[in-house]
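Below: the structure, in structure tokens.
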Amino acid sequence: MAEPIRRETTRTSPIVKALTGSRPKTVPFWFMRQAGRYLPEYRELRTEAGSFLDLVYAPDLAAEVTLQPIRRYAMDAAILFSDILVIPDALGQKVWFETGEGPRLEAVTDTEALDALSAARAGEHLQPVLETVRRVRGALGPETALLGFAGAPWTVATYMVAGRGSADQAAAKRWAYGDADGFARLIDLLVDATADYLIAQAQAGADAVQIFDSWAGALPAPAFRRWCVDPVRDIVARLKAACPDTPVIGFPRGAGASYAGYAEATGVDAVGLDTAVPVGWAHETLPAGLCVQGNLDPVLLVAGGDAMTDAAKRIIDGFRGRPHIFNLGHGITPDVPPEHVAALCALIRGHGAS
Ligand code: 1CP
88 MAEPIRRETT
98 RTSPIVKALT
108 GSRPKTVPFW
118 FMRQAGRYLP
128 EYRELRTEAG
138 SFLDLVYAPD
148 LAAEVTLQPI
158 RRYAMDAAIL
168 FSDILVIPDA
178 LGQKVWFETG
188 EGPRLEAVTD
198 TEALDALSAA
208 RAGEHLQPVL
218 ETVRRVRGAL
228 GPETALLGFA
238 GAPWTVATYM
248 VAGRGSADQA
258 AAKRWAYGDA
268 DGFARLIDLL
278 VDATADYLIA
288 QAQAGADAVQ
298 IFDSWAGALP
308 APAFRRWCVD
318 PVRDIVARLK
328 AACPDTPVIG
338 FPRGAGASYA
348 GYAEATGVDA
358 VGLDTAVPVG
368 WAHETLPAGL
378 CVQGNLDPVL
388 LVAGGDAMTD
398 AAKRIIDGFR
408 GRPHIFNLGH
418 GITPDVPPEH
428 VAALCALIRG
438 HGAS
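In our numbering, the protein residues as written are 88 to 441.
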């Protein structure tokens with residue numbers, strides 16, 4: 088077996104410090120979807136690239152898009168520009184993005200369709216994304232962390248089964264409830280491909296990774312345990328075996344009271360809190376010393392002004408005394424004015440200083 092990867096170069100980055108349990112001098116921050124359509128320079132490059140997946144698989148362009156928000160705002164972390172749906176694409180499912188509408192996939196609804204998918208060629212297919220990681224890590228200073236990411240198996244499965252984003256994730260739930268053994272084959276395939284992919288990102292230079300379980304909130308507790316917690320636990324165990332120094336942020340969006348035991352049950356080093364989680368509840372309930380990330384309502388970033396700054400201050404104050412990475416409770420939307428992002432960064436730098 089290969090030697091585990093240990094990385095020293097970015098141990099001093101404030102994000103990595105927070106993720107490993109210490110409290111840097113100021114509250115470090117980055118924003119989910121910090122690269123994207125709210126930035127004019129992204130829209131320009133996106134038009135040049137052609138399709139969304141063409142952009143994702145072009146390392147020079149994807150690296151540039153990853154760096155765009157860092158040049159403007161100098162967040163403490165860059166997040167790899169890619170998408171959670173590169174995994175189904177790499178497994179051989181047909182995936183495309185309809186402009187202005189979102190992702191579309193040729194739906195996988197039974198085990199027969201599963202037989203057509205294979206993890207064998209996934210590693211090769213994802214090489215351009217790993218090249219993006221190498222390029223971005225090379226371009227960033229040691230104080231800025233590079234975050235890799237993947238979708239959690241449950242969330243990726245909801246898109247694979249429905250063939251698109253859906254409001255209720257009913258298609259995946261129907262399969263999971265009606266044929267748990269068949270659905271487990273899909274989840275197991277995703278656990279394998281996702282673990283390999285995150286290990287490869289860490290080996291290419293990602294300092295930490297985030298696992299996005301954006302639709303975790305769709306499942307009642309026993310199903311949440313089986314389809315969200317257990318697969319993420321298996322991925323984290325495999326990542327930690329190969330790369331023990333790579334911290335993992337889990338983001339089980341909508342998990343509600345199930346946030347309480349999530350870090351312990353999955354082995355993640357930090358939890359991303361969604362917009363609805365009350366700061367006081369999280370601070371009292373989550374294990375002391377556990378790093379939390381979040382959780383400003385992205386719509387406050389659209390509104391700006393006092394509503395935004397007051398809410399951001401309450402979040403920073405509410406988590407004083409534990410490692411905290413400031414972030415939104417979900418991704419930046421395309422209607423966010425870039426100057427509101429600048430104002431929020433200034434507020435966090437000022438109010439987040441201890
Ligand atoms: O038109 C465009 O330019 C495409 C818009 C876009 C962008 C900018 C999509 C399509 N994906 C992305 C990038 C992306 N996606 C990143 C890049 C890094 C960054 O944060 O800056 C990341 C981390 C993701 C992750 C992602 N993709 C998630 C998990 C996070 C979340 O938002 O909950 C999900 C659910 C997706 C699927 C997806 N990809 C794109 C869209 C519009 C969607 C959501 C579709 C839906 O549910 O309807």
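Backbone N, C-alpha and C define an ideal beta-carbon position, used for all residues, glycine too.
Because the structure is a prediction, the values reported are computed rather than measured.
Under the three-state reduction of DSSP output, Val428 falls in the helix class. Ala226 is positioned such that its CB atom lies closer than 8 Å to that of Leu154. For the 8 Å CB-CB criterion, Ile435 and Ile412 do not form a contact. For Trp183, DSSP records a beta bridge to Arg191.
DSSP, read as helix, strand or coil, puts Ala357 in strand. Classified as exposed, Trp183 has fewer than 16 neighbouring CB atoms from the shown chains inside 10 Å of its CB.
According to DSSP, Pro339 shares a beta bridge with Asp300. Assignment of His411 by DSSP, reduced to helix, strand and coil, places it in the strand class. The beta carbon of Gly354 sits closer than 8 Å to those of Arg320, Val323, Ala324, Lys327, Val335, all from its chain and outside the five residues before and after it, given in chain order. A distance below 6 Å between beta-carbons, with the five flanking residues on each side excluded, links Leu277 to the following residues of its chain, in chain order: Pro240, Val243. Under DSSP, Arg251 takes part in a beta bridge, and its partners are Arg191. Ile171 and Phe236 have their C-alpha atoms roughly 8 Å apart. The three-state secondary structure of Phe311, taken from DSSP, is helix. Ile322 has its Cβ no nearer than 7 Å to any heavy atom of ligand 1. Thr107 has its alpha-carbon roughly 35 Å from the corresponding atom of Ser253. Residue side-chain check: Arg124 places its Cβ nearer than 7 Å to a non-hydrogen atom of ligand 1.
Annotation note: the stretch 374-414 contains the following uninterrupted beta strand (DSSP E) runs of length 3 or greater, listed N- to C-terminal: 378-383. The beta carbon of Leu148 sits closer than 7 Å to those of Leu132, Ala136, Leu142, all from its chain and outside the five residues before and after it, given in chain order. Put simply, of Asn414, Leu431, Pro410, Ala430 the residue whose alpha carbon is nearest the alpha carbon of Val103 is Pro410. In the three-state DSSP reduction, Phe139 falls in the helix class (H, G or I). Comparing alpha-carbon positions, the option among Tyr246, Tyr264, Phe299, Asp279 lying closest to Gln380 turns out to be Phe299. The alpha-carbon of Tyr349 is positioned some 9 Å away from that of Leu373.
Secondary-structure assignment with DSSP links Leu234 through a beta bridge to Ile166, Ala295. Rounded to whole angstroms, the separation of the alpha carbons of Ala303 and Gly343 is 10 Å.
Just measuring C-alpha positions, the residue of Ala122, Gly376, Leu140 sitting nearest Thr186 is Leu140. By the neighbour-count definition (other C-beta atoms within 10 Å, threshold 16), Thr333 is a buried residue. Annotated as distal: Thr245 and Ala267, with beta-carbon spacing of 8 Å or more. Within the same chain, Cβ atoms closer than 6 Å to the Cβ of Gly238 are found at Ile171, Phe299, the five residues on either side in sequence being excluded. The alpha-carbon of Val152 is positioned some 25 Å away from that of Arg340. His427 and Pro385 do not touch by the CB rule: their CB atoms are close to 11 Å apart, not below 8 Å. Per DSSP, Phe270 has no beta-bridge partner at all.
Exclusion of the five residues before and after Met162 leaves Phe116, Trp117, Phe118, Gln121, Pro156, Thr231, Cys432 as the residues of its chain whose Cβ lies within less than 8 Å of its Cβ.
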